[in-house]
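First up is the structure itself, then whatever we jot down about it.
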Ligand code: ADP
Ligand code: MG
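Residue numbers (the numbering used here): 71 to 667.
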């Protein structure tokens, strides 16, 4: 085989323009959806109010986008296709303050290097439209109103090597639809219509930002979301958060925008994940659309050719804002729950079971969470469980003159699992273990945040059998356990004693608690990792402190739990993202019994 001459023997030459564009196209035009994205962004930059997208054969045969924007002057059409030619910035200073989606002036040139491009455009002042064809470069008069249509035909027809990387037509069409979704969520003031193979697939008029975002997140989210709004003029955030009960196994409904541009960003992604972490364990993925606005000078969008990555001047400030705003929105208490705020009693959004549209929740992955089998002594945990009710039993009892609390008053316990209560709107059903576990968890966290978990020494240390690895962990990481309010001692190579437990959990089973905390510490490894997993450990401990199924509760105990739930932020979902209570309104019951009122 003839090998090419070694590079040092070839002379250096400038690449020709087409080749440069083809190289750029490798980064900008990965697939038909990239064409859709670039053309949509150009249409938006043109000031369009209405945009129409047509794709054929997954966009490979044709992508056509029409807008009613400012149009391109006849004598500028050739320039629009030229490399590094843009109307959007003229200086470095303007680059730093850029407000448009485009500014690199390379998209149309790059696309034209790997496909045939036809631009038909008319400015408001033109008597008629003009078409330019990228292959001939010729201009011709054309029909059409003000605005621009860009058609991209036979993508990669001349670069078969690239064409081979494309997936099936259906897959490419789905990517095109996703590109449209991303752009359209960020621009609710613009009407979008889309067609695939001539059939209409999308049609949305100008609408409120939240309506557009909710439509993209899916119908289930309509009833199960929180709006978030935070920050200030200089750095602001707003968005729609799917409740944890709406979580999915795939991260396919997570939309982050910075100044109207869809991005993938580690700082933002991490902040959101962390804010949800308190409600979602394992590998469940939340759904959300979040819009960050900040001074363009404080963010660099020119990091990636497709501008999908950004760099923040002050990433910490961004992280703080997003984390706090999302967490606060998710932590509204039962008293502020949308199901209790509406006019008719309703189930809280996303509660599984009764509403066919609201059952998106699925069990967390096996092993993601541990529930201990009922252990002797756990009943004693109940003493602690109701140690500090918000009101004394006497006060919590129904009182004709006092307003009914949001979750109402307990009437009965159902099958040892549920509490049935009556509130102003009808009936409330509470998952007693899930709700109590959450309340205990929040108490543990608050105690740990405020003053560290107070320890309570056991009168008689409780010893239990352990394997050598458990013993090692106890010897190696005493501070880790102390930080969690647990004091352990090694008795022998095969036994460990619990000497003290967190005061909040003093009435529980110390050995069972110690065993599962040791197991978690073993898994987490170093102490540093433990600090990061503190909340998970506290959640495990809360599970031990929480009331078990089949434990009969008195009415006072039940009412105490309801009051605790009302006063605990984040008590609407359990640690696994499931709802802790549902509301059945009288209207629902009336409907079931076909009872008119
Ligand atoms: P950029 O968007 O980075 O400027 P492009 O190659 O995407 O680069 O577009 C080149 C130029 O063509 C733009 O700066 C703009 O002036 C013009 N243009 C492209 N699409 C449109 C459109 N739909 N309406 C009006 N002008 C357009
Ligand atoms: Mg552009």
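The beta-carbon is built from N, C-alpha and C at its ideal position, and this holds for glycine as well.
Exercise for review: From the DSSP output, in three-state form, read off residue 339 for me.
Suggested key: Walking along the chain shown from the start, residue 339 turns up at place 269. Helix at residue 339.
Practice item. Leaving aside the five residues before and after residue 545 along the sequence, list all residues of the same chain whose C-beta is less than 7 Å from its C-beta, in chain order. Key: On the chain shown, residue 545 is found 475 positions in, with the first residue counted as 1. 560.
Check your understanding: If you draw a straight line from the alpha carbon of residue 235 to that of residue 114, how long is it in whole angstroms?
Key -> Position 165 of the chain shown holds residue 235. Position 44 of the chain shown holds residue 114. So the alpha carbons of these two residues sit roughly 29 Å apart.
Check your understanding: residue 325 by DSSP, collapsed to three states: which one?
Key -> Taking the first residue of the chain shown as position 1, residue 325 is located at position 255. Residue state, collapsed to three classes: strand.
Exercise for review: Give the secondary structure of residue 417 by DSSP, where H, G and I count as helix, E and B as strand, and everything else as coil.
Suggested key: On the chain shown, position 347 is the one that residue 417 refers to. Note that residue 417 scores 38 on pLDDT, short of 50, meaning its location in the model is unreliable and no value can be drawn from it.
Check your understanding: Under 7 Å between the Cβ atoms of residue 105 and residue 133?
Key -> Position 35 of the chain shown, counted from the first residue, corresponds to residue 105. Position 63 of the chain shown, counted from the first residue, corresponds to residue 133. A contact, by the Cβ cut-off of 7 Å.
Review point. Counting pairs of Cβ atoms below 8 Å between the segment 258 to 269 and the segment 299 to 313, do you hit three or more?
Key: No, because fewer than three Cβ pairs between the segment 258 to 269 and the segment 299 to 313 fall closer than 8 Å, the two stretches do not touch.
Exercise for review: To the nearest angstrom, report how far apart residue 248 and residue 504 are at their CA atoms.
Suggested key: The residue given as residue 248 occupies position 178 in the chain shown. The residue given as residue 504 occupies position 434 in the chain shown. Taking the straight line from one Cα to the other gives about 37 Å.
Point to revise | Whole-angstrom C-beta distance between residue 528 and residue 568, which should lie under 8 Å | key: Mapped onto the chain shown, residue 568 falls at position 498. Mapped onto the chain shown, residue 528 falls at position 458. That pair is a contact at about 6 Å.
Exercise for review: Check whether the segment 169 to 188 touches the segment 218 to 233, counting contact only when three or more Cβ pairs, one atom from each stretch, lie closer than 8 Å.
Suggested key: yes
Check your understanding: So what does residue 566 bridge to, in DSSP terms?
Key -> Within the chain shown, numbered from 1, the residue matching residue 566 stands at position 496. In DSSP, residue 566 forms a bridge with 534, 560.
**Study point:** Segment contact, 8 Å Cβ cut-off, at least three pairs: the segment 566 to 586 with the segment 317 to 327
**Key:** no
Check your understanding: What span of residues does the alpha helix (DSSP H) with residue 96 cover, start to end?
Key -> Here residue 96 is taken as the residue at index 26 of the chain shown, counted from 1. Here the alpha helix (DSSP H) through residue 96 covers 87 to 98.
Practice item. Please list the segments of the alpha helix (DSSP H) lying wholly inside the segment 164 to 228, counting only runs of 4 or more residues, in order along the chain. Key: Note on the segment 164 to 228: whole alpha helix (DSSP H) runs with a minimum of 4 residues are 177 to 184, in chain order.
**Study point:** Inter-residue CB distance, residue 200 and residue 212 (contact presumed, cutoff 8 Å)
**Key:** For the purposes of this step, residue 200 is taken as residue 130 along the chain shown, with counting starting at 1. For the purposes of this step, residue 212 is taken as residue 142 along the chain shown, with counting starting at 1. With a Cβ gap of about 6 Å, residue 200 and residue 212 count as contacting.
Check your understanding: Taking the alpha-carbon positions, what's the residue 372 to residue 221 distance?
Key -> As a first step, residue 372 must be located in the chain shown, where it is residue number 302. As a first step, residue 221 must be located in the chain shown, where it is residue number 151. For residue 372 and residue 221, the distance between alpha carbons rounds to 26 Å.
Practice item. Kindly list the residues whose CB is nearer than 6 Å to the CB of residue 243, restricted to its own chain and excluding five residues on each side of it in sequence; keep chain order. Key: Against the chain shown, residue 243 aligns to sequence position 173. So the qualifying residues of the chain are 128, 266.
Review point. Which runs of the beta strand (DSSP E), 3 residues or longer, sit entirely within the segment 125 to 171?
Key: 132 to 137
Exercise for review: State yes or no: is the C-beta of residue 112 nearer than 6 Å to some heavy atom of the ligand MG?
Suggested key: Locating residue 112 in the chain shown gives position 42, where the first residue counts as 1. Because some heavy atom of the ligand MG lies under 6 Å away, the Cβ of residue 112 counts as near it: yes.
Check your understanding: Looking at C-alpha atoms only, which residue of 130, 198, 286, 231 is the closest neighbour of residue 218?
Key -> Translated into positions along the chain shown, residue 218 becomes position 148. Of 130, 198, 286, 231, the residue nearest in Cα terms is 198.
Exercise for review: Go through its chain and collect everything with a Cβ distance to residue 397's Cβ below 6 Å, but skip five positions before and after it.
Suggested key: Position 327 of the chain shown, counting from 1, holds the residue named residue 397. Scanning its chain for C-beta atoms nearer than 6 Å, with the 5 sequence neighbours on each side dropped, one finds around residue 397 the residues 345, in chain order.
Check your understanding: residue 572 by DSSP, collapsed to three states: which one?
Key -> Residue numbering aside, residue 572 sits at position 502 when the chain shown is read from its first letter. Correct three-state label for residue 572: strand.
Check your understanding: Skipping 5 residues on each side, what residues in its chain have a beta carbon closer than 6 Å to that of residue 263?
Key -> As a working note, residue 263 is residue 193 in the chain shown. Around residue 263: 122, 273.
Practice item. Consider the C-beta atom of residue 330 and the heavy atoms of the ligand MG; say whether any pair is separated by less than 6 Å. Key: Residue 330 sits at position 260 when you count from the first residue of the chain shown. Remark: the C-beta of residue 330 is outside contact range of the ligand MG, defined as less than 6 Å to any heavy atom.
Check your understanding: Nearest-angstrom Cα distance between residue 654 and residue 483?
Key -> Here residue 654 refers to the residue found at position 584 when the chain shown is read from its first residue. Here residue 483 refers to the residue found at position 413 when the chain shown is read from its first residue. Their Cα atoms are separated by approximately 16 Å.
Review point. When you compare only the Cα positions, how much space is there between residue 525 and residue 555?
Key: Position 455 of the chain shown, counted from the first residue, corresponds to residue 525. Position 485 of the chain shown, counted from the first residue, corresponds to residue 555. The alpha-carbon separation between residue 525 and residue 555 amounts to approximately 5 Å.
Check your understanding: Do the CB positions of residue 506 and residue 623 come within less than 7 Å of each other?
Key -> Locating residue 506 in the chain shown gives position 436, where the first residue counts as 1. Locating residue 623 in the chain shown gives position 553, where the first residue counts as 1. It is not a contact, given that the beta carbons lie outside the stated cut-off.
Check your understanding: Using 8 Å as the Cβ pair cut-off and three pairs as the minimum, do the segment 307 to 327 and the segment 374 to 387 touch?
Key -> no
Check your understanding: According to DSSP, which residues form a beta bridge with residue 312?
Key -> Your numbering for residue 312 matches position 242 in the chain shown. Answer is 295, bridged to residue 312.
**Study point:** beta strand (DSSP E) runs contained entirely in the segment 240 to 277, provided each spans 3 or more residues
**Key:** Inside the segment 240 to 277, DSSP marks whole beta strand (DSSP E) runs of 3 or more residues at positions 261 to 266, 269 to 274, from first to last along the chain.
Exercise for review: Please indicate yes or no: does the CB of residue 104 lie closer than 6 Å to some heavy atom of the ligand ADP?
Suggested key: Sequence index remark: in the chain shown, residue 104 carries index 34 (1-based). Every heavy atom of the ligand ADP is 6 Å or more from the Cβ of residue 104, so no.
**Study point:** Contained beta strand (DSSP E) runs [length at least 3] in the segment 605 to 655, N- to C-terminal order
**Key:** 651 to 655
Check your understanding: Can you give the Cα-Cα distance for residue 683 and residue 385, rounded to whole angstroms?
Key -> The chain is shown only over 71 to 667; residue 683 falls outside these bounds and no answer can be derived.
Check your understanding: Are the beta-carbon atoms of residue 216 and residue 230 separated by less than 7 Å?
Key -> One-based indexing of the chain shown puts residue 216 at position 146. One-based indexing of the chain shown puts residue 230 at position 160. Taking 7 Å as the cut-off, the beta carbon of residue 216 is found no closer than this to the beta carbon of residue 230.
Check your understanding: So, is residue 289 buried or exposed, given that buried needs 16 or more other C-beta atoms within 10 angstroms?
Key -> Within the chain shown, residue 289 is the residue found at index 219, counting from 1. Residue 289 comes out exposed.
Point to revise | Minimum C-alpha distance to residue 356 - residue among 310, 335, 207 | key: Working through the chain shown from its first residue, we reach residue 356 at position 286. For residue 356, the nearest C-alpha among the options comes from 310.
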